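Participant: Taking the numbering used here, I'd label the letters of the sequence shown as residues 83 to 239. Every residue, glycine too, gets a C-beta built ideally from N, C-alpha and C. Quantities reported herein were computed from a predicted structural model and do not represent experimental measurements.
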Amino acid sequence: MWPTHWPAVARDIAEALDAAIVAARASDAAALTEATEELAALPAEQVGAVLSGVVRELLETLHPDGLTGEDVQDVLTRCARAAALWFPAVDVDSLVTVLTGALGVADVEENPRRPERAVEAAILVIADLLSAAEVPADGYVRRALDEIARAETVEMP
């Protein structure tokens, strides 16, 4: 499913992210926990960049004319309520950190809120946004990984 020219780490991130998204969309807490543990074992900086890229692009898809504070609040409320029904470990502070970090409003590294929950929160936000946009995940994951690869190949001046 994922391009063979990608490095192994990129394919591992894509596969683990796909499994996590499938688990979240199926409301399967055990599978989500397992998939997020797999993601957490991969390079944190790359995983974080992919998750942020996917969240950011999904927000742009849903709000092509711009995002308001009310829009962000709606995403947070909808995601927290939906996740709480099947994933009691949902951490609202981490959901906030994921959203503000993806938007560049907060530096997640300088303001960590329970970093062990960040990957779970990102997956929950992504699953919510995918459902709201009624789109499949693979294109978003592919573009986020391609963007990271492109950025890493551009030489610094």
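Quick check on Glu-119: buried or exposed, where buried means 16 or more other Cβ atoms within 10 Å of its Cβ?
Facilitator: The residue in question, Glu-119, is exposed, as its Cβ has fewer than 16 Cβ neighbours within 10 Å.
Participant: From Val-91 to Arg-224, what distance separates their C-alpha atoms?
Facilitator: Approximately 13 Å, taken between the alpha carbons.
Participant: By how many angstroms is the C-alpha of Val-217 removed from the C-alpha of Asp-210?
Facilitator: Computed Cα separation, rounded: 11 Å.
Participant: Count Cβ pairs between the region 125–137 and the region 84–102 that sit closer than 8 Å; are there 3 or more?
Facilitator: Touching, yes.
Participant: Using C-beta distances below 7 Å, list every residue in its chain close to Leu-140, excluding the 5 sequence neighbours before and after it, in chain order.
Facilitator: Around Leu-140: Ile-208, Leu-211, Leu-212, Ala-215 and Tyr-222.
Participant: Just how far apart, CA to CA, sit Ala-111 and Cys-161?
Facilitator: Going from the Cα of Ala-111 to the Cα of Cys-161 covers about 15 Å.
Participant: Nearest to Glu-127 by CA position, among Arg-163, Thr-182, Ile-95 and Arg-138, is which residue?
Facilitator: Among Arg-163, Thr-182, Ile-95 and Arg-138, the Cα nearest to that of Glu-127 is on Ile-95.
Participant: Keeping to the same chain, check which residues put their C-beta closer than 6 Å to that of Ala-105; ignore five residues upstream and five downstream.
Facilitator: Cβ within range, chain order: Ala-113, Leu-114 and Ala-117.
Participant: State buried or exposed for Ala-233, treating a residue as buried only when at least 16 other CB atoms are found within 10 Å of its CB.
Facilitator: With fewer than 16 Cβ atoms within 10 Å of its Cβ, Ala-233 is classed as exposed.
Participant: Only counting runs of 4 or more residues, tell me where the alpha helix (DSSP H) segments fall wholly within the region 113–185, in order along the chain.
Facilitator: Counting whole runs of 4 or more residues, the region 113–185 contains the alpha helix (DSSP H) stretches 126–144, 151–166 and 174–184.
Participant: Once DSSP output is grouped into helix, strand and coil, what is the label at Ser-213?
Facilitator: Three-state result, Ser-213: helix.
Participant: Where do the N-terminal and C-terminal ends of the alpha helix (DSSP H) with Val-104 fall, by residue?
Facilitator: Counting along the chain, the alpha helix (DSSP H) containing Val-104 begins and ends at 90–107.
Participant: Quick check: Ala-164 and Val-180, are their CB atoms within less than 9 Å of each other?
Facilitator: It is not a contact, given that the beta carbons lie outside the stated cut-off.
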